[in-house]
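Using the UniProt record's numbering, the letters of the sequence shown correspond one by one to residues 1 to 185.
In what follows, a single structure is set out as structure tokens and then discussed.
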Amino acid sequence: MGDPGSTGIGGEPTLEEQIAAYQREFQDLDPQVEQIVSALSRLNRRMNVAYGRQTAALGISSADWEVLKALVLSGSPYRMGPSDLAKRLGLTPAAMTHRIDRMVAEGLVTRKRDETNRVRVIVELTTEGREKWLEAMRLATVFEEDLLQDLSADDRTALGDVLTRLLRRVEHAQPDAGGRLTDLD
């Protein structure tokens, strides 16, 4: 390891220390690739923690946030069937039912029979659910602006373009990787 003062957050090795250890153990490693991939991984993990803290402060879980987001993205009147929600979130039907039950109890969504097809159930965003989503978006916007404050508009555009290209490459190579490997509830 490097200097005692160079250890990263929470005792985690710095990127440089991690890459040096990887190179020591695996000589075929491209340090440039490893720096990019490791930095993206750490950034994603830390951003998820920050977002989780924000949603917790609002009294909702990250799992609740995912459902609220899916309903908002569906467009007004912000409703979807449970199986459509489960598919979009990469969850099993049982996990989705559990999540919806909890969110109905919290007043974030309603669950009703479809008037045109009584067999079908519809999950709909409530006013309270939409307000929680909006407040989470307000908090996220402040966090994200702070995160990117040192980047110029051109840097932001270039970074967005590069990350979108990487995302498309992964989505093309792993088209089934949109969901989760395990349920988070």
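A virtual CB, placed ideally from N, CA and C, is assigned to each residue, including glycine.
Since the structure is predicted, the reported quantities are computational estimates derived from the model, not experimental observations.
Subject >> the segment 141–153 / the segment 63–82 touching (three or more Cβ pairs under 8 Å) >> reply: no
Original post:
Which residues does DSSP pair with residue 79 in a beta bridge?
Top reply: Per the DSSP secondary-structure output, residue 79 pairs in a beta bridge with 124.
Original post:
residue 110 and residue 104: beta carbons closer than 8 Å?
Top reply: yes
Original post:
Out of 152, 136, 175, which has the shortest C-alpha to C-alpha gap to residue 58?
Top reply: 136
Original post:
What number of angstroms, rounded off, separates the C-alpha of residue 97 from the C-alpha of residue 82?
Top reply: 7 Å
Subject >> Same chain only: Cβ atoms within 6 Å of residue 88, ignoring 5 sequence neighbours per side >> reply: 70
Original post:
CA-CA distance, residue 21 and residue 165?
Top reply: 29 Å
Original post:
Among 85, 41, 108, which one has its Cα closest to the Cα of residue 126?
Top reply: 108
Original post:
Taking Cβ positions, are residue 68 and residue 112 nearer each other than 8 Å?
Top reply: no
Subject >> Alpha carbon of residue 115 to alpha carbon of residue 122, nearest angstrom >> reply: 9 Å
Original post:
Under the three-state reduction of DSSP, which class applies to residue 97: helix, strand or coil?
Top reply: helix
**OP:** Check residue 154 in the structure and name its three-state DSSP category.
**Re:** helix
Original post:
For residue 53 and chain D, any beta-carbon pair shorter than 8 Å?
Top reply: The structure shown has no chain D; it contains just one protein chain.
Original post:
Are there 16 or more other CB atoms within 10 angstroms of the CB of residue 85, so buried, or fewer, so exposed?
Top reply: When all chains shown are included, residue 85 counts as buried.
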